[in-house]
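Novice:
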């Protein structure tokens with residue numbers, strides 16, 4: 065069996081706060097590379113906010129050199145249709161950055177991400193944060209929630225890759 069070594073960048077797309085979390089999978093070991101957020105201000109014009117996210121993601125990709133980028137599948141609640149539209153803008157930026165660096169993008173549903181980490185697709189954010197802390201052997205819970213969401217996405221993909229040996 066071939067030992068897997070893979071740098072995975074999980075991204076939690078948001079117009080105000082885009083979270084990112086990067087992990088390295090090496091064999092059966094998984095380690096935190098870095099995590100953080102890209103913030104934009106609601107008073108800025110949309111195009112400037114998207115440009116800030118684009119530039120921030122480019123810097124992150126240049127720094128961590130991911131081999132896979134992972135995002136949550138788009139979900140829209142009927143009560144908040146504009147949220148999906150705004151998330152769609154940022155997802156487009158994620159896919160554009162990935163394409164510019166020839167990095168494949170993977171998507172998973174929120175349910176699959178939670179189930180991958182906790183065994184329950186309906187787990188609370190707190191349960192997911194505790195799982196991330198345990199898996200990555202962190203001293204504290206990952207914070208802010210945008211970072212923990214991005215790390216959860218990256219860890220889900222690491223689980224899929226290590227089980228199926230897909231690249």
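Numbering (this note's numbering), first residue to last: 65 to 231.
Glycine included, C-beta positions come from ideal geometry on N, C-alpha and C.
#1: Using CA atoms only, rank isn't needed, just tell me which of 208, 102, 80, 69 is closest to residue 87.
#2: Closest to residue 127 by C-alpha separation, out of 106, 113, 99, would be which residue?
#3: Give the secondary structure of residue 94 by DSSP, where H, G and I count as helix, E and B as strand, and everything else as coil.
#4: Does the ligand FMN have a heavy atom nearer than 7 Å to the CB of residue 210?
#5: Quick check: what's the CA-CA separation for residue 85 versus residue 105?
#6: Run through DSSP, which three-state label would residue 176 get?
#7: What's the gap between the Cα of residue 131 and the Cα of residue 217?
#8: To the nearest whole angstrom, what separates the beta carbons of residue 135 and residue 155, a pair I think is in contact under 8 Å?
#9: Mind checking who residue 171 pairs with in its DSSP beta bridge?
#10: To test your reading of the DSSP string, which unbroken alpha helix (DSSP H) runs of 4 or more residues are found completely within the region 99-136?
#11: Please confirm whether residue 103 and residue 80 have their CB atoms less than 8 Å apart.
#12: Rounded to whole angstroms, what's the CA-CA distance from residue 213 to residue 115? Just pull it up for me.
#13: Would you give the residue range spanned by the alpha helix (DSSP H) that residue 70 belongs to?
Specialist: Working from what's here:
#1: 69
#2: 99
#3: strand
#4: By its list of ligands, the structure shown contains no ligand whatsoever, and the ligand FMN lies outside what it can speak to.
#5: 21 Å
#6: helix
#7: So the two alpha carbons sit approximately 15 Å from each other.
#8: Between the beta-carbon of residue 135 and that of residue 155 there is about 6 Å, and that keeps the pair under the 8 Å contact cut.
#9: 135
#10: 110-128
#11: Yes, they are a contact pair.
#12: 22 Å
#13: Element bounds for residue 70: not the alpha helix (DSSP H) but the beta strand (DSSP E), 69-76.
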